[in-house]
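A short worksheet on the structure shown next.
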Ligand SMILES: [Zn+2]
Ligand SMILES: [Zn+2]
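Residue numbers (the numbering used here): 3 to 278.
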């Protein structure tokens, strides 16, 4: 079971536990729908862990840094209410702060923003999320919105500023990755064995050897899987002209199979650039 904690991205003063725990750490929505009681900003997911915050105390230890950096550090630390002299900073491993998970989380966010290097002991057991940094626009300071943009072959999803018409953060997912359907694909082993040797055939045989969800009933091969994996198999079956049966029907366009060579690798790299 996973526990999620919200933070107010403006006040950055405390962590508030989500009402619902989740089976998977990725199941938490970015926004809980709750607002900060102090400033009214939307609370945003701060961190997720497989246990609740308890009263463990954590230490922040500064990493070894150059003398010139140390002078900058003193200024930054002052803003965090941590008063440390240059003399004290000369110690190799200085503990600059000790506190609860909540205090440590907030200090870590500030130290990271300032580019300071440090370690936390014991290891901070929660996965920190970046949403508190992207829910405000870095250009105009206004609140961003969560936006999904539909393109033919992919979906762009992230945090968008309506005012500046620009993305603060986004990631792209192609339609195959988004398809959660489990397909059932069936074809004949004998038919494959009888085909003349080709790049498609050897790649297919290799893939079949490495599949976990594969059943063989007599001559029949039955594969259960999601779109991405099924796509790879189908592409080769079509290239080899092998008869197959799939349920439910495969809705994605299947590009012609091509052997994996340098030109293909270059094209894949190009198209990845386009998506990112
Ligand atoms: Zn607030
Ligand atoms: Zn903006």
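For glycine and all other residues, C-beta sits at the position ideal for the given N, C-alpha and C. Quantities reported herein were computed from a predicted structural model and do not represent experimental measurements.
heavy atom of ligand 2 below 6 angstroms from residue i C-beta
{"i": "residue 144", "result": "yes"}
{"i": "residue 163", "result": "yes"}
Selected residue, minimal CA-CA separation from residue i, among the options
{"i": "residue 207", "options": "157, 58 and 192", "result": "192"}
{"i": "residue 224", "options": "44, 186, 103 and 84", "result": "186"}
{"i": "residue 99", "options": "230, 87, 122 and 238", "result": "122"}
{"i": "residue 125", "options": "110, 137 and 138", "result": "110"}
{"i": "residue 82", "options": "112, 53, 47 and 241", "result": "112"}
{"i": "residue 168", "options": "143, 4 and 270", "result": "143"}
{"i": "residue 13", "options": "163, 90, 45 and 28", "result": "45"}
{"i": "residue 145", "options": "170, 154, 36 and 152", "result": "170"}
{"i": "residue 233", "options": "176, 263, 106 and 80", "result": "176"}
{"i": "residue 182", "options": "196, 159, 131 and 253", "result": "253"}
{"i": "residue 275", "options": "261, 174, 201 and 160", "result": "174"}
{"i": "residue 204", "options": "260, 30, 220 and 221", "result": "260"}
{"i": "residue 154", "options": "131, 236, 178 and 163", "result": "178"}
Ligand 1 heavy atom lying under 6 angstroms from the CB of residue i
{"i": "residue 50", "result": "no"}
{"i": "residue 139", "result": "no"}
{"i": "residue 46", "result": "no"}
{"i": "residue 12", "result": "yes"}
{"i": "residue 34", "result": "no"}
{"i": "residue 9", "result": "no"}
{"i": "residue 136", "result": "no"}
{"i": "residue 38", "result": "yes"}
{"i": "residue 43", "result": "yes"}
Residue span of the alpha helix (DSSP H) that contains residue i, given as start and end
{"i": "residue 34", "result": "Note, residue 34: premise wrong, no alpha helix (DSSP H); beta strand (DSSP E) at 33-37."}
{"i": "residue 241", "result": "229-242"}
{"i": "residue 203", "result": "201-211"}
Exposure of residue i, with buried meaning 16 or more beta-carbon neighbours within 10 Å
{"i": "residue 118", "result": "buried"}
{"i": "residue 227", "result": "buried"}
{"i": "residue 150", "result": "exposed"}
{"i": "residue 6", "result": "buried"}
{"i": "residue 136", "result": "buried"}
{"i": "residue 2", "result": "Coverage of the chain is limited to positions 3 through 278, which leaves residue 2 absent and any answer about it impossible."}
{"i": "residue 195", "result": "exposed"}
{"i": "residue 238", "result": "buried"}
{"i": "residue 34", "result": "buried"}
{"i": "residue 120", "result": "buried"}
{"i": "residue 138", "result": "buried"}
For residue i, the first and last residue of its enclosing beta strand (DSSP E)
{"i": "residue 163", "result": "156-163"}
{"i": "residue 8", "result": "5-9"}
{"i": "residue 253", "result": "Element bounds for residue 253: n/a, residue is neither H nor E."}
{"i": "residue 51", "result": "44-51"}
{"i": "residue 15", "result": "That residue, residue 15, is in no beta strand (DSSP E); it is neither H nor E in DSSP."}
{"i": "residue 216", "result": "216-219"}
Residue i at chain B interface by Cβ criterion, 7 angstroms
{"i": "residue 73", "result": "No chain B is present in this structure, which holds just one protein chain."}
Problem - Any beta strand (DSSP E) of 3 or more consecutive residues that is wholly inside the stretch 165-197 - result: 168-176 and 185-190
Handout entry: Runs of beta strand (DSSP E) lying entirely within the stretch 72-145, each at least 3 residues, in chain order
Key = 97-101 and 120-123
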